[in-house]
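This report concerns only the one structure given below.
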Amino acid sequence: MSINDRVIETSVPFSQIPVAKIIRTLATLQYPDTLPGPDEPLDLITLYQSQHYATKRDTHAIISRAEQLAPSEISQIATELNELVKMYHPYTIAYPPTQGDLQYFLTAIFWGWRSDLRIGEKPVIRAPTFNDRALRVGYFQHDLEPVAGFGPDGLKNRHKDDNAYNYVYIDHQAQTVNVAWKDGNCLDIQPQDVSLIRPFWRLDDRIIILFDHYEDCEQLRVMDHNWNLAIWSARKKIKRFAEDGVTAREAADYWPNRLTTEGLEPWITVERLFELYKPNLI
């Protein structure tokens, strides 16, 4: 198999672009010759047949690369990958990971890490920011009323020519998706105080662009977390593998006792959001 036949195009890319390029390059260069091509659907049986992975390993070993793992161990790590792919393509009936996806994922797991190093605390998803859900649509025609109780800061982000925003607000109790007018402090404003800029003169255009922005940010927020959690979960398993070692019989076991896989966070597309919640758009 030539290097061009092994170029990996993963369906679950890491969002940190410089690192993602390095991981992709390494995964391509290190792609096992005894595995099917990277575009082929992932079949765990091929891991056992490839003779690329460990057939046994002592206890308390330091694992620093994927080939030190046994096929039965990699099949457990593939569970994290399966969950990651399902979350990345949430409304696709069948989107199986590929051989290339697995090699990319394994390369990412060992990027700057080995089993004798810490894995840190379990990742926690970050809350959405104002910028994740806001779109600048215009500017103020005049100074707004200062916010009571804020003293000199009462006019912050409320001066003439300061930015005005449309903002997505989800009310889970009322089960509504709302679009509100906001200043840069995320405080309510009146649309008549705003001069709209292109391409936001038309309501339809504002709504389309706002929710495209919302969906892009939401996917990035949730899938960044899922990626970090899947890597963390896989490394947690590998630390256990390193301590326990693996016998030849265990390495060849098609049905190993499985360690716990951390549950990932679902992300909801705008289309699905509007099915679950009533739109209340301006």
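With UniProt numbering as the guide, the letters of the sequence shown map in order to residues 1 to 282. Heads up, the beta-carbon is just placed ideally off N, CA and C, and yes, glycines get one too.
Residue i vs residue j beta-carbon contact at 8 Å
i	j	result
Leu42	Pro96	yes
Ile62	Leu69	no
Asn226	Leu259	no
Pro32	His52	yes
Glu243	His60	yes
Ile106	Ala54	Note on residue identity: the sequence assigns Leu, not Ile, to residue 106. The answer is no: Cβ separation not under 8 Å.
Gly184	Asn157	yes
Whole-Å CB distance - residue i paired with residue j, under 8 Å assumed
i	j	result
Gly245	Asp58	5 Å
Val137	Ala164	6 Å
Ile109	Ile231	6 Å
Leu135	Leu47	Not a contact, Cβ separation roughly 46 Å.
Pro128	Arg221	6 Å
Same chain, Cβ closer than 7 Å to residue i, neighbours up to 5 away in sequence not counted
i	result
Pro279	Val177
Lys56	Val246, Thr247, Ala248 and Ala251
Val100	Residue 100 is actually Gly in this sequence, not Val. So the list reads Ile8, Glu9, Thr10, Pro38 and Asp39, once near-sequence residues are dropped.
Tyr277	Ile170, Gln175, Thr176 and Val177
Lys236	Ile119
Tyr104	Ile8, Thr10, Ile23, Arg24 and Ala27
Leu102	Leu42, Ala78 and Leu81
Tyr214	Arg133, Val168 and Val270
Arg206	Val137, Asn166 and Phe200
Lys122	Trp232
Asp188	Ala180, Trp181 and Lys182
Cβ neighbours of residue i in the same chain (closer than 6 Å, five flanking residues each side left out)
i	result
Asp143	His159 and Lys160
Thr79	Thr261
Ile282	Val179
Ser75	Leu44
Phe130	Cys186
Gln219	Trp267
Val182	Checking the sequence, you will find Lys at residue 182 rather than Val. Closer than 6 Å at the Cβ level, and outside the excluded window around Lys182, lie Tyr165 and Tyr167.
Ile3	Unreliable placement is indicated for Ile3, whose pLDDT of 42 sits below 50; the coordinate value is still reported in the next sentence. Excluding residues within five positions, none has a Cβ falling inside 6 Å.
Asp162	Phe140
Cys217	Asp132
Trp255	none
Asp253	Ser72
Host alpha helix (DSSP H) of residue i (start-end)
i	result
Asp224	Leu203 to Asp244
Ala127	First-last for Ala127: undefined, no H or E at that position.
Ser72	Pro71 to Tyr88
Tyr169	Tyr169 -> not in any alpha helix (DSSP H); beta strand (DSSP E) instead, spanning Asn163 to Asp171.
residue 291	Any question about residue 291 goes unanswered here, given that the chain covers just 1 to 282.
Gln99	Gln99 to Ile109
Ala248	Ala248 to Ala251
Span of the beta strand (DSSP E), counted from its first residue to its last, around residue i
i	result
Val137	Ala134 to Phe140
Thr176	Thr176 to Lys182
Val194	Val194 to Leu196
Asn280	Lys278 to Asn280
Spatial neighbours of residue i in its chain, beta-carbon cut-off 8 Å, leaving aside the 5 residues before and after
i	result
Lys239	Ser115 and Ile119
Gln141	Lys160, Asp193, Val194 and Ser195
Gly154	Pro146, Val147 and Ala148
For the 8 Å Cβ check, are there 3 or more pairs between the stretch 146-162 and the stretch 263-277?
With a cut-off of 8 Å, the stretch 263-277 and the stretch 146-162 do not count as touching, because too few Cβ pairs lie within range.
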